[in-house]
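Engineer: Residue numbers (my numbering): -3 to 311. Yeah, the Cβ is synthetic: ideal placement off N, Cα and C, and Gly gets one too. Owing to the predicted nature of the structure, the values given are computational and were not obtained by experimental measurement.
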């Protein structure tokens, strides 16, 4: 039977233990389950016994990397019989070899990576390969201890998304505020002042969310985008959806996302065909939107190559 594992990695004092304590203290997460915390290093923050008891959690420490092996880990599981595991992984150990050392029945639900933004450049200068390896495996990276107006999100996104296109990014500021992904015109990965606005494959998910939630900023703007032709029963004649498949929350929840394209020759393009569409964004009331929504009024449609990655992500 599979054992759910939530993994948290990052360098010493990056906030891993605090995050784990906050998480197990959340009744929505614990739901009465037995949690085994496996901590591969000890930082400043200690695991408070009262919180552990209330959350039905136990802690085991592994100090040496050689002790992180299937035999020892299975012994810990047998001892505590948890229903889920929180793994506080040593940030100096590469994630690339971690999966080979874990028991076969462990299923990694999410891998979080914590980075102290104030030390990020020092880490990159001195441990670039290790950091890059970990970025390439993690599901979510949280940059904490950020100072307002001193975070170059575009540069971070370009460098990290090049290693792992599916990674989600969060920014936690010293004033306590948290931002998820990218917010504001200046933080979109594409040029909103371009004509046409060019949407590359990796940015389809971000663009889809933004054009659906902030349609007014795209109205009467020219856009060039690539995707698959898709039609559902509520797509009228003379239209198709320019779409991509997206993982909206988990591997079992794959959905088609996209916006309507309006074209007199829409019927010439079959479902599943990859196309590049250039046109102007207008707003129309459509049953597909259950109201008003963005429509790409096509000026040009031509065949194009499929995206290298089947799925798109929303950060």
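Do the region 207 to 216 and the region 234 to 242 meet, that is, are 3 or more Cβ pairs less than 8 Å apart?
Structural biologist: No, the region 207 to 216 is not in contact with the region 234 to 242.
Engineer: Would DSSP call residue 203 helix, strand or coil?
Structural biologist: The count along the chain shown starts at 1 and reaches residue 203 at position 207. Here residue 203 carries a helix assignment [DSSP, helix/strand/coil].
Engineer: Do you know how far the Cα of residue 231 is from the Cα of residue -1?
Structural biologist: In the chain shown, the residue the question calls residue -1 occupies position 3. In the chain shown, the residue the question calls residue 231 occupies position 235. Cα to Cα, the separation comes out at about 42 Å.
Engineer: Drop a sphere of 10 angstroms on the beta-carbon of residue 173, count the other beta-carbons inside from all chains shown, and report buried for 16 or more, exposed for fewer.
Structural biologist: Counted from its first residue, the chain shown places residue 173 at position 177. Under this definition residue 173 is an exposed residue.
Engineer: At which residues does the beta strand (DSSP E) containing residue 75 begin and terminate?
Structural biologist: Here residue 75 is taken as the residue at index 79 of the chain shown, counted from 1. Run containing residue 75: none in the beta strand (DSSP E); it sits in the alpha helix (DSSP H), 66 to 76.
Engineer: Thinking C-alpha only, which one of 74, 219, 49 is nearest residue 273?
Structural biologist: As a working mapping, residue 273 is identified with position 277 in the chain shown. Nearest C-alpha to residue 273: 219.
Engineer: Assuming contact is defined by CB atoms lying nearer than 7 Å, are residue 154 and residue 113 in contact in what I supplied?
Structural biologist: For the purposes of this step, residue 154 is identified with residue 158 of the chain shown, where counting begins at 1. For the purposes of this step, residue 113 is identified with residue 117 of the chain shown, where counting begins at 1. Contact flag unset, no.
Engineer: Note down, in chain order, each residue of its chain lying with its Cβ closer than 6 Å to the Cβ of residue 76, except the 5 sequence neighbours on either side.
Structural biologist: Residue mapping note: residue 76 aligns to position 80 of the chain shown, counting from 1. Cβ within range, chain order: 32, 54.
Engineer: Let me check one thing: in DSSP terms, what residues is residue 169 bridge-paired to?
Structural biologist: Indexing the chain shown from 1 puts residue 169 at position 173. In the DSSP secondary-structure assignment, residue 169 is bridged to 142.
Engineer: Taking all protein chains shown into account, decide if residue 250 is buried (16 or more other Cβ within 10 angstroms of its Cβ) or exposed.
Structural biologist: Translated into the one-based positions of the chain shown, residue 250 becomes position 254. Flag for residue 250 reads exposed.
Engineer: State whether the region 90 to 106 contacts the region 143 to 154, with contact taken as three or more CB pairs (one from each stretch) at a distance under 8 Å.
Structural biologist: no
Engineer: Tell me the rounded alpha-carbon separation between residue 36 and residue 44.
Structural biologist: Taking the first residue of the chain shown as position 1, residue 36 is located at position 40. Taking the first residue of the chain shown as position 1, residue 44 is located at position 48. Distance between the alpha carbons of residue 36 and residue 44: 17 Å.
Engineer: Helix, strand or coil for residue 8 per DSSP?
Structural biologist: Translated into positions along the chain shown, residue 8 becomes position 12. It is coil, neither helix nor strand.
Engineer: Whole angstroms is fine: what's the gap from residue 58's alpha carbon to residue 127's?
Structural biologist: Within the chain shown, the letter at position 62 stands for residue 58. Within the chain shown, the letter at position 131 stands for residue 127. Each residue's alpha carbon lies about 21 Å from the other.
Engineer: Using a Cβ-Cβ cutoff of less than 6 Å, which residues in the same chain neighbour residue 258 once the five nearest sequence positions on both sides are dropped?
Structural biologist: Taking the chain shown and counting its residues from 1, one reaches residue 258 at position 262. Around residue 258: 235, 291, 293.
Engineer: Only counting the same chain, and skipping five residues up and downstream in sequence, which positions put a Cβ closer than 8 Å to that of residue 312?
Structural biologist: The requested residue 312 does not occur in the structure, where the chain is confined to residues -3 to 311.
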